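Numbering of the sequence shown is given in the working numbering, commencing with residue 2 and proceeding in unit increments.
Heads up, the thing below is written out as structure tokens.
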Amino acid sequence: MYNAHLSEKDLLAHLEDSSELKKSFPNFESRPEQKGMLKDIIQAFNQDKIALIEAGTGCGKSMAYLIPALTYARDLGEQVVISTHTINLQEQLLEKDIPLISKALEISLKVVLVKGMHNYLCLRKFHETFQTRLVLSEDDIKCLDSIHDQLNHFKEGSKSELKVLPSYSTWEEINAESDTCTGPKCPYYNDCYFTKARQQIENAQILVVNHHLLFADLAMKSDKNVTSSLLPPYSRLIIDEAHHIEEVATEYFAKKVNRLFLLKTIGRLLNENAGGKIGQLKEKVSRHFGHNPHPDSKSLLSRLELDIPGQKKTLLEALTGMYQSVLELLENGQFQEETKLRLQEHHQNHPLFKDGIHPKALSFADELKRVEQMILSLNKDIEALKDEKLNEQTGQLRHDMKALAGRLSDAADTLKHMMTLQIPENRVRWIDHSQKGMRANTTLTDASLDLSELFTQNLFSRFKTIVLSSATLTANQKFDYLEERFGLKSEEMSPRVQKSLYPSPFNYASQAALGLPDDMPDPTDPNYNNAASDAILKLLEASKGGAFVLFTSYRSLQATYQQLKDPLEKRGLRPLKQGEMSRKDLIKAFKETRYGVLFGTDSFWEGVDVAGEALRLVIIQKLPFKVPSEPLIQARLEKLKEEGKEPFRSYSLPQAILKLKQGFGRLIRKKSDHGAIVILDPRIKTKNYGKSFLKSLPVCHEVLGSLDEVVKGLKQFYASKNRPRST
């Protein structure tokens with residue numbers, strides 16, 4: 002019988018140089034940082050604590066939390082949930098770390114990657130769509146044919162297994178969804194991929210999830226009206242990449258009304274051809290009554306052929322009218338590629354809102370509700386016919402129709418909520434319009450400004466142990482920022498919190514040069530982008546490529562890339578731009594050449610691991626402050642000011658520091674790596690707050706002076722590292 006208490010002595014023994022882990026991990030070596038982190042996690046498990054742990058690159062975070070997690074799951078038979086933000090980390094855990102550590106520790110556990118229901122193929126919906134596939138595009142027909150050929154060879158029936166990916170709209174027609182699922186009534190229930198996945202989840206000891214699914218499950222568990230959940234009951238949770246959870250929770254719990262979603266859902270439900278549920282129902286009813294005449298058939302067909310198409314026309318006219326008023330409010334229809342407008346009191350008193358958007362939105366919401374009532378009434382009338390054959394032929398289809406009508410009804414409720422003229426104190430609303438070529442989309446969003454209470458009630462109070470781990474949880478070497486955002490400074494939570502900060506074991510003073518040119522113009526200077534482009538070219542000549550150039554906006558990235566593409570190619574370097582291919586393919590292309598230059602924005606600041614000679618320079622074009630005019634950021638800053646706090650110091654600055662630390666972390670991934678990071682933004686030296694950025698970075702070999710002096714210093718640094726890095 003195993004001890005329910007994790008033994009610090011026994012688990013620390015696994016991190017000695019003589020342990021079995023050395024056989025599974027050839028580069029393994031005993032590290033004090035990793036041992037410290039392991040002790041913290043053991044304490045969190047044994048004493049029901051909330052552990053905040055920042056551990057720099059190279060500390061071996063995953064091993065430090067997997068050893069106690071695997072041991073605990075084995076000894077107590079309880080499930081442990083591990084949540085990550087990126088697919089890269091999930092793959093590392095599932096394909097490498099967990100199998101190798103389990104083998105070394107002689108622990109045999111069932112480990113399952115939990116995917117959302119929408120990731121699975123629904124056999125019923127697939128076969129129904131396959132029968133009517135000729136109305137789809139040629140590409141989608143080929144895709145469905147490919148899936149049909151694969152049906153007997155799927156391991157789990159998820160989207161990731163498909164040889165040919167369908168379009169987004171076609172995947173919606175064939176994937177599993179909670180509201181279209183008929184459960185045990187489904188003719189394919191015994192073969193259902195999602196049902197089998199649920200059984201695997203129930204029987205597993207370790208569950209790996211992403212942050213979005215984690216919050217989806219927490220929302221279901223917290224809703225008294227919902228009896229099901231995505232994950233079984235559990236009490237021990239490890240959240241890696243924890244610096245993302247406020248961002249993910251904000252997105253998940255926001256209320257949204259999206260024009261393209263509405264159009265697609267209306268089309269899926271009300272289109273009269275074989276691509277719409279009404280069209281499919283009309284065809285089935287007509288064929289049935291052609292062979293089985295019924296006195297009420299004429300009335301039913303009249304509703305299908307006249308009433309519902311008429312309602313669809315009214316609905317689309319109402320939708321067009323509402324969004325036309327929205328566009329008029331956005332600078333009289335003069336858009337850039339993307340426009341965001343925060344809805345404030347003066348906007349809601351504007352005639353375009355008060356006399357346009359507001360009444361039209363409420364009218365459109367009423368029409369959406371009317372559609373739901375028509376579908377429910379139609380369903381009742383078909384059941385009232387007591388025609389068993391017709392009921393059987395149309396039962397699944399009518400179930401799907403009710404689900405789609407329910408989604409439109411939910412959108413109506415959200416829209417009515419957003420049309421209340423008094424915006425709640427802790428909320429912000431905005432309109433987001435984007436236009437790319439002929440494709441336009443508009444979204445109305447209502448989001449929370451402060452999620453600390455939600456975190457306290459739905460997350461931190463719910464579990465006995467929570468480990469929050471990341472390489473970037475502190476700003477200025479303090480946890481204050483995230484403690485405030487997570488609600489961990491409250492009287493209720495504070496006694497349970499334990500905090501630890503472990504620096505990277507790498508010798509940055511020897512391995513990394515930090516270039517800070519002092520002759521760059523201020524980023525507010527109109528000439529800044531041109532000066533930055535010139536500087537980037539000189540720096541890339543010094544490193545001979547092998548660089549990430551990181552931006553805070555896609556617009557700056559695009560302009561710089563266009564300016565430098567030809568000059569870089571003439572110098573034998575290979576420019577790569579975010580967006581021209583998938584992230585995975587970009588990294589692959591970058592790794593395959595010594596001379597790559599990858600221009601990236603937000604997602605390339607983190608979660609990208611390029612060790613070895615391929616990456617030897619990281620250039621930060623600007624300090625990564627969030628745009629203060631973004632509706633959510635602006636409203637959060639205002640709220641902090643109203644609370645008597647200093648918004649810049651308590652929110653904007655720590656947020657930017659965490660992001661800079663992530664960008665910095667791309668450079669050195671192993672003890673044998675070396676390279677340089679150059680921050681072009683002069684504010685890091687000219688502003689008082691610059692010291693906070695520098696204090697949050699490891700001590701490096703500093704290269705100061707003019708840009709030319711920094712370039713010269715980098716060349717000398719590279720020359721001194723004449724031994725190639727291992728790959």
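All residues carry an ideal CB built from backbone N, CA and C; glycine is no exception.
Only a predicted model underlies this, so the values are computations on that prediction, with no experimental measurement involved.
Subject >> Exposed unless 16 or more other CB atoms sit within 10 angstroms - verdict on Gln622 >> reply: Buried, because 16 or more other Cβ atoms sit within 10 Å of the Cβ of Gln622.
Ser653 and Lys688 closer than 8 Å at C-beta: The answer is no: Cβ separation not under 8 Å.
Original post:
Short check: CB of Leu551 to CB of Leu618, under 8 Å?
Top reply: No, these two residues do not count as a Cβ contact at 8 Å.
| request: Determine the burial state of Arg440: buried for a count of at least 16 other Cβ atoms within 10 Å of its Cβ, exposed for fewer. | output: When all chains shown are included, Arg440 counts as exposed.
*C-beta atoms of Thr446 and Ala255 nearer than 8 Å*: It is a contact, given that the beta carbons lie within the stated cut-off.
In chain order, what residues of the same chain lie with their CB nearer than 7 Å to the CB of Val609, ignoring the 5 residues before and after it?
Answer for Val609: Ile588, Arg667, listed in chain order.
Would Phe480 and Leu39 qualify as a contact pair, given that the criterion is a beta-carbon distance under 8 Å?
Not in contact: Phe480 and Leu39 (Cβ atoms no closer than 8 Å).
**Prompt:** Going by alpha carbons, who is nearest to Glu34 out of Ser179, Asp49, Ser63?
**Reply:** Nearest of Ser179, Asp49, Ser63 to Glu34, Cα basis: Ser63.
**Message:** Using a Cβ distance threshold of 8 Å, determine whether the stretch 639–658 contacts the stretch 488–497, with at least three qualifying pairs required.
**Reply:** They do not touch, by the three-pair rule.
For Ile54, which residues does DSSP report across the bridge? Beta-bridge pairing links Ile54 to Ser470, Ser501.
### Query
For Ala536, does the three-state DSSP call read helix, strand or coil?
In the three-state scheme derived from DSSP, where H, G and I count as helix and E and B as strand, Ala536 is classed as helix.
- Using the beta-carbon count (16 or more within 10 Å), is Gln80 buried or exposed? Flag for Gln80 reads buried.
- Which residues in the same chain as Asn274 place their Cβ atom closer than 8 Å to its Cβ, once the five residues preceding and following it in sequence are excluded? These residues qualify, in order along the chain: Val136, Gly280.
### Message
Going by C-alpha to C-alpha distance, which of Met521, Lys341, Ala220, Lys116 sits closest to Leu458?
### Response
Before going further, note that residue 458 is Gln rather than Leu in the sequence given. If you compare the alpha carbons of Met521, Lys341, Ala220, Lys116 with that of Gln458, the shortest gap goes to Ala220.
For Phe649, does the three-state DSSP call read helix, strand or coil? Looking at Phe649 - three-state DSSP - the assignment turns out to be helix.
Candidates Arg237, Tyr555, Arg260, Arg430: closest to Pro632 by CA position:
When C-alpha distances from Pro632 are compared across Arg237, Tyr555, Arg260, Arg430, the shortest belongs to Arg430.
Q: Report all residues from its chain with a CB closer than 6 Å to the CB of Pro100; omit the five preceding and five following residues, and keep chain order.
A: If we look at Pro100 and ignore the five residues flanking it on each side, it has no Cβ neighbours.
query = Where DSSP assigns a beta bridge to Ala1, which residues make up the other side?
reply = There is no way to answer for residue 1, as the model of the chain reaches only from 2 to 728.
Item to complete: Within the same chain, show all residues whose beta-carbon is closer than 6 Å to that of Leu574, passing over the 5 residues directly before and after it, in chain order.
Response: Closer than 6 Å at the Cβ level, and outside the excluded window around Leu574, lie Gly546, Tyr596, Val598.
Is the stretch 377–394 touching the stretch 296–314 in the sense that three or more CB pairs, one from each, lie closer than 8 Å?
Yes, since at least three Cβ pairs between the stretch 296–314 and the stretch 377–394 fall closer than 8 Å, the two stretches touch.
Original post:
Taking Phe731 as the reference, which of Leu238, Ile537, Asn508, Val210 has the closest Cα?
Top reply: It is not possible to answer for residue 731, since the shown part of the chain is limited to 2 through 728.
- prompt: By the 10 Å Cβ neighbour count, where 16 or more other Cβ atoms means buried, how is Gly184 classified, buried or exposed?
  reply: Classification for Gly184: exposed.
query: Taking just the CA atoms, how far does Arg125 sit from Cys187?
result: Going by the C-alpha atoms only, they are around 7 Å apart.
### Query
Fully enclosed by the stretch 34–79, which alpha helix (DSSP H) runs are 4 residues long or longer?
With a minimum length of 4 residues, the continuous alpha helix (DSSP H) runs that stay inside the stretch 34–79 are 62–77.
Exercise. Hey, how far is the Cα of Asp11 from the Cα of Leu106?
Worked result: When rounded, the separation of the alpha-carbon atoms in Asp11 and Leu106 is 11 Å.
*Residues that Thr133 bridges to, as DSSP identifies them*: For Thr133, no pairing in a beta bridge is given by DSSP.
From Thr72 to Thr466, what does the alpha carbon distance come to, in whole angstroms? Thr72 and Thr466 have their C-alpha atoms roughly 15 Å apart.
- Query: With which residues is His702 paired in a DSSP beta bridge?
  - Reply: Beta-bridge analysis with DSSP links His702 to Ala514.
Exercise. Can you check whether the CB of Ala677 is closer than 8 Å to the CB of Gly516?
Worked result: Yes, the Cβ-Cβ distance between Gly516 and Ala677 is below 8 Å.
Could you round the C-beta distance between Leu708 and Pro518 to whole angstroms and report it? I think they count as a contact, below 8 Å.
By a beta-carbon distance limit of 8 Å, Leu708 contacts Pro518. Their separation comes to about 4 Å.
Could you give the distance in angstroms between the alpha-carbon of Glu389 and the alpha-carbon of Thr395? So the two alpha carbons sit approximately 10 Å from each other.
What ranges does the beta strand (DSSP E) occupy inside the stretch 324–385, keeping only unbroken runs of at least 3 residues that lie completely in it?
If we require 3 residues or more, the beta strand (DSSP E) runs fully inside the stretch 324–385 come out as 339–343.
For this session: For Arg237, count neighbouring Cβ atoms within 10 angstroms of its own Cβ and tell me buried if that reaches 16, exposed if not.
Result: By the 10 Å Cβ count, Arg237 comes out buried.
According to DSSP, is Phe718 part of a helix, a strand, or is it coil? Helix at Phe718.
ask   = Excluding sequence positions up to five away, which residues of its chain have a Cβ less than 7 Å from the Cβ of Tyr66?
value = So the list reads Ile42, Ile239, Val468, Ser470, once near-sequence residues are dropped.
| request: Compare the beta carbon distance of Val115 and Val210 with 8 Å and say whether it is the shorter of the two. | output: Val115 is a Cβ neighbour of Val210, given a cutoff of 8 Å.
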